[in-house]
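Residue numbers (UniProt numbering): 1 to 203.
Each residue gets a CB set at the ideal place from its N, CA and C atoms; glycine is no exception.
Structure, as C-alpha cells:
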C-alpha cells in the first residue's frame, strides 16, 4: 500500500515538474518573440522622416545609387549623354508599352521622355509593377536599364516598361525636387506641384 502511495507521489511530482518546465519554455519563447515582433513594427523615427536629401556630386555617370525612403528602395541613376540619346530613339519608343508616360506613374514634372526634372538624373521607386520584386540594374546599349530577376520584366533607363514584359506599368517616379545644384530632395515636389505616391496607378 505504501509502495502505491509512493508511486502516486512520484507521478504527481513528475507531472508538476513537466508543467513547470513547459511553462518556463513557453515564457522563454514569448520573451524571444518580442524583439522579432518589435522589429516588424514601423520605427516611429522612420515614419517621422518625410523628406530625404541626396547628394549627387559623387554619383558617377552611368551608375546607380539605391537609397531607402518611405520604406521603399529608391533608384537614382546618373545617365550619360549617350544613354540619353538612346532614350529618344524612335526604335526604342516602338518597343515601349507607355513611351509617353501617359499612365499616372509620375508627377506632371516627370511626364516627359526622360521622366525626370534634370534629364541627367533619374529617380524611380525600385519595385517592379508586376509582383513587387526589386529590378536589377543592367544598363545595355539598346536602351535597357533594369531587368526584374523574378519574371524578366525589362525597363529602359527612364523606368519605362518594354512590351512583352509581364509588368503592366512604368516604374513609379516618387515626389522629389532639386533643392540646389547637385542635391535632390525626396518627398518634396517642385514649387507649384502637388503629387504623392498615393496618386500613382500602381507600385
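Quickly, what does DSSP pair residue i with across the bridge? List them, please.
{"i": "residue 185", "result": "53 and 177"}
{"i": "residue 69", "result": "72"}
{"i": "residue 64", "result": "77"}
{"i": "residue 144", "result": "156"}
{"i": "residue 161", "result": "155"}
Distance check for residue j and residue i, CA to CA, integer angstroms please.
{"i": "residue 197", "j": "residue 82", "result": "30 Å"}
{"i": "residue 60", "j": "residue 133", "result": "26 Å"}
{"i": "residue 192", "j": "residue 111", "result": "16 Å"}
{"i": "residue 113", "j": "residue 51", "result": "26 Å"}
{"i": "residue 89", "j": "residue 53", "result": "32 Å"}
{"i": "residue 57", "j": "residue 182", "result": "6 Å"}
{"i": "residue 86", "j": "residue 97", "result": "16 Å"}
{"i": "residue 66", "j": "residue 124", "result": "10 Å"}
{"i": "residue 178", "j": "residue 185", "result": "6 Å"}
{"i": "residue 175", "j": "residue 158", "result": "15 Å"}
{"i": "residue 136", "j": "residue 146", "result": "5 Å"}
{"i": "residue 140", "j": "residue 148", "result": "14 Å"}
{"i": "residue 189", "j": "residue 144", "result": "28 Å"}
For residue i, collect the residues of the same chain with a Cβ closer than 7 Å to its Cβ; drop the 5 residues on either side in sequence, then sort them by chain order.
{"i": "residue 209", "result": "Only positions 1 to 203 of the chain appear in the structure, and residue 209 is not among them; the question remains open."}
{"i": "residue 200", "result": "104, 105 and 172"}
{"i": "residue 108", "result": "193"}
So, at 8 Å on beta carbons, what are the nonlocal neighbours of residue i in its own chain, with the 5 sequence-adjacent residues on each side left out?
{"i": "residue 152", "result": "165 and 166"}
{"i": "residue 115", "result": "101, 106, 122, 124, 158, 159, 160, 170 and 173"}
Using a Cβ-Cβ cutoff of less than 6 Å, which residues in the same chain neighbour residue i once the five nearest sequence positions on both sides are dropped?
{"i": "residue 72", "result": "125"}
message = For the structure I just gave you, are there three or more beta carbon pairs, one from the segment 161-176 and one from the segment 127-139, closer than 8 Å?
response = yes
task = Could you tell me whether the segment 114-121 touches the segment 74-88, using the rule of 3 or more Cβ pairs below 8 Å?
result = Two segments are said to touch when three or more pairs of C-beta atoms, one from each, lie closer than 8 Å; by this definition the segment 114-121 touches the segment 74-88.
Whole runs of the alpha helix (DSSP H) within the segment 71-138, excluding any shorter than 4 residues = Runs of the alpha helix (DSSP H) lying entirely within the segment 71-138, each at least 4 residues long, are 81-87 and 90-93 in chain order.
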